[in-house]
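Asks:
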RNA sequence: GGCCCCUUCGUCUAAUCGGUUAGGACACCAGCCUUUCAAGCUGGCAGCAGGGGUUCGAAUCCCCUAGGGGUCACCA
């Protein structure tokens, strides 16, 4: 057990999306690898956008992925509470301390004033920084303003000279000029802390040793370091992981298709595949391998091997990988993963009988090579669950209408199958071969129309497998029904 | 716009201290297998952003340019 403590701190303002999931994964992996603790903290200081529903969604997504946390809102330990909105007094206290030490000050500027100033500064081509109108207000005037002004915020007194160096495991030393920093707001007028402040306070109080987060936070880090220093906190180790971009190089958003973990789940991506794919986005084991079970990723993982450059996510590779997992996982596991899809479609009952489970398992066994996501499975196997399956018009035209021999062949197949005592692989195979020989036609002339009669389709699993899964009675019945329906007798 | 980060096949990436026919994977193409479709196997296509240096030698080190991304909120 090491003293490594990492954290994933989402804000409940939306579904957990792929980028957040990867950040969570990297943190989790690092904790696993080092024997440290993975902490889930909820950064809900944005009152407007945070919602309980989103919080639930985040829990669900992380749980589904199997990224379990050692400490969090529902796993209280000595560093709680783990929800920022329940820690307000802690931030207020920290801010008061800075105020008393002269490291922060009250600012009474209104939002409108600020916007105006910003506009002017921007037009002059400068970086818009807060210029500190309220920086040096004498105490008396402060007290007066407190009474007369609408509201006030607490700002950090930030140095205008010198530079701040951020040490990042992935990027090395990054230097920022303090002149570009402004007096950022610590406590908003509604009394809630801002992200930068709350985050620093909590990371320190929660004894976070490594801050692993998205690169978009790199530019905020000098500010955060300064806050930490003013508060007398030790700095954590930073690791800013590259962003995940959409195929058009822009920031990933809804218009790029599925981006939330929930959506992937619904389309039938399995957790193992998503985790494997995500791990490879911005990290590589250093050897020529792509398929890596989680346990191995944990063993091979290191922050140093995380890439510097942003990655564009590739849906095709994800689905390829998912397909690979689908056809190599244990059949029982595949059944577990697939069950909800079939239940949702109403073809398997909510509490499946052993018979139903075995049947679905048999269907999955012969279909798994042909699907990439579980969402396709129901449609692809529909004829195993209903007798009124649709017939492919092209196939019907070619096999049933244009081919005059089909009726004779299928009739014969039906008779021969009916006559079988043991409806098993070799017997059925030999029976079909026998029909071809007997009628002096190629095996294809027998098999192609037979497949169409049994499934309504021209493509699918091995014919023999279909026959065996369907069983003798249903197979024969389907052939007979087809002969009748298309008037082939 | 200021600041920061990044730049190897279309995409994800590998290449310990500079010396490789620049490797793998997805996608794509072809062949094999096969009564279908897949899967699988084999092979192919395809890359060091551009320009200067340093060096016997540079994808690798330095500089410049270009491009992409991030950030500059009383969002996180």
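Numbering (the working numbering), first residue to last: 1311 to 1799. Glycine residues also receive a C-beta, built at the ideal position from the N, C-alpha and C atoms. In this text, all values refer to a predicted model and were calculated from it rather than measured experimentally.
Note down the Cα distance separating residue 1539 from residue 1365, rounded to an integer number of angstroms.
Replies: Roughly 32 Å between the two C-alpha positions.
Asks: Using the three-state DSSP reduction, which class does residue 1710 fall into: helix, strand or coil?
Replies: If DSSP states are grouped into helix, strand and coil, residue 1710 belongs with the helices.
Asks: Measuring CB atoms only, is the region 1589–1608 touching the region 1647–1665, in the sense that at least three cross pairs come out at less than 8 Å?
Replies: The region 1589–1608 is not in contact with the region 1647–1665.
Asks: Look at the alpha carbon of residue 1696 and the alpha carbon of residue 1719, and state the distance between them as a whole number of angstroms.
Replies: Residue 1696 and residue 1719: Cα-Cα distance of roughly 25 Å.
Asks: Tell whether a beta-carbon distance below 8 Å holds between residue 1516 and residue 1349.
Replies: For residue 1516 and residue 1349, yes; Cβs fall inside 8 Å.
Asks: Could you pull out every unbroken alpha helix (DSSP H) segment of at least 4 residues lying fully inside the region 1685–1756, listed in chain order?
Replies: You should have 1687–1690, 1716–1728, 1735–1749.
Asks: Could you have a look at residue 1487 and say whether DSSP puts it in helix, strand or coil?
Replies: Residue 1487 falls in the strand class under three-state DSSP.
Asks: Please state the DSSP three-state secondary structure of residue 1438.
Replies: In this prediction, residue 1438 scores a pLDDT of 49, lower than 50, which makes its location untrustworthy; no coordinate-derived value is stated.
Asks: Which same chain residues end up closer than 6 Å to residue 1518 when comparing Cβ atoms and leaving out the 5 residues on each side of it in sequence?
Replies: Here the set comprises 1315, 1317, 1546.
Asks: So, under 8 Å CB-CB, residue 1588 and residue 1332 are touching, yes? Tell me the CB distance rounded to an integer number of Å.
Replies: The Cβ separation is near 5 Å, so the contact holds.
Asks: Indicate the three-state DSSP secondary structure (helix, strand or coil) for residue 1642 in the structure shown.
Replies: Helix.
Asks: Can you tell me whether DSSP reads residue 1579 as helix, strand or coil?
Replies: Reduced to three states, the DSSP call for residue 1579 is coil.
Asks: Who are residue 1459's beta bridge partners in DSSP?
Replies: Looking at the DSSP assignment, residue 1459 forms no beta bridge with any residue, so it has no partner.
Asks: How about residue 1613 and residue 1497: do their beta carbons lie closer than 8 Å?
Replies: Their beta carbons are not under 8 Å apart, which means residue 1613 does not touch residue 1497 by this criterion.
Asks: Between which residues of its own chain and residue 1469 is the CB-CB distance below 7 Å, once the five residues before and five after are set aside?
Replies: These residues qualify, in order along the chain: 1488.
Asks: Tell me whether the beta-carbon of residue 1372 lies closer than 8 Å to the beta-carbon of residue 1607.
Replies: Going by C-beta atoms, residue 1372 is not nearer than 8 Å to residue 1607.
Asks: For residue 1499, which three-state DSSP category applies?
Replies: The answer is coil: DSSP assigns residue 1499 none of H, G, I, E or B.
Asks: Determine, using beta carbons only, whether residue 1798 and residue 1584 come nearer to each other than 8 Å.
Replies: It is not a contact, given that the beta carbons lie outside the stated cut-off.
Asks: Does the separation of the CB atoms of residue 1723 and residue 1730 fall below 8 Å?
Replies: Taking 8 Å as the Cβ cut-off, residue 1723 and residue 1730 do not qualify as a contacting pair.
Asks: Sort 1472, 1423, 1787 by Cα distance to residue 1460 and report the nearest one.
Replies: Minimum Cα distance to residue 1460 is reached at 1423.
Asks: For the candidate residues 1757, 1672, 1473, whose alpha-carbon lies nearest to that of residue 1640?
Replies: Cα-wise, what sits closest to residue 1640 is 1672.
Asks: Taking 8 Å as the cut-off, does the region 1445–1455 touch the region 1404–1418 (at least 3 CB pairs, one atom from each stretch)?
Replies: Flag = yes, the region 1404–1418 and the region 1445–1455 touch.
Asks: Do the CB positions of residue 1622 and residue 1528 come within less than 8 Å of each other?
Replies: Contact: no.
Asks: DSSP on residue 1647, reduced to helix/strand/coil?
Replies: DSSP places residue 1647 in helix when its eight states are reduced to three.
Asks: Give me, in chain order, the residues of the same chain whose beta-carbon lies closer than 7 Å to that of residue 1537; leave out the 5 immediate sequence neighbours on both sides.
Replies: Closer than 7 Å at the Cβ level, and outside the excluded window around residue 1537, lie 1466, 1506, 1507, 1510.
Asks: Less than 8 Å between the CB atoms is what I'm expecting for residue 1495 and residue 1485, so what's the real figure, rounded?
Replies: Going by Cβ atoms, the distance from residue 1495 to residue 1485 rounds to 25 Å, so no, they are not a contact pair.
Asks: Identify which residue in 1358, 1656, 1660 has its Cα closest to the Cα of residue 1324.
Replies: Closest by alpha carbon: 1358.
Asks: Going by DSSP, which residues form a beta bridge with residue 1381?
Replies: Bridge partners of residue 1381: 1349.
Asks: Measuring only the C-alpha atoms, how far is residue 1653 from residue 1743?
Replies: Residue 1653 and residue 1743: Cα-Cα distance of roughly 38 Å.
Asks: Under the rule that 16 or more other beta-carbon atoms within 10 Å means buried, what is residue 1531, buried or exposed?
Replies: It counts as buried.
Asks: Counting only runs of 3+ residues fully inside the region 1400–1424, write out the beta strand (DSSP E) ranges in chain order.
Replies: Complete beta strand (DSSP E) runs here, min 3: 1414–1417.
Asks: Decide if residue 1354 is buried, meaning its Cβ has at least 16 other Cβ atoms within 10 Å, or exposed.
Replies: By the 10 Å Cβ count, residue 1354 comes out buried.
Asks: Hey, residue 1381 and residue 1387 are a contact pair by Cβ (cut 8 Å); roughly how many whole angstroms apart?
Replies: That belief holds up - the Cβ atoms of residue 1381 and residue 1387 are roughly 4 Å apart, short of 8 Å.
Asks: Run through DSSP, which three-state label would residue 1574 get?
Replies: Reduced to three states, the DSSP call for residue 1574 is helix.
Asks: Applying the criterion that 16 or more other CB atoms from any shown protein chain within 10 Å of the CB defines a buried residue, is residue 1559 buried or exposed?
Replies: The residue in question, residue 1559, is exposed, as its Cβ has fewer than 16 Cβ neighbours within 10 Å.
Asks: Starting from the C-beta of residue 1319, find all residues in its chain whose C-beta is less than 6 Å away, skip the five residues before and the five after it, and write them out in chain order.
Replies: Around residue 1319: 1351, 1353.
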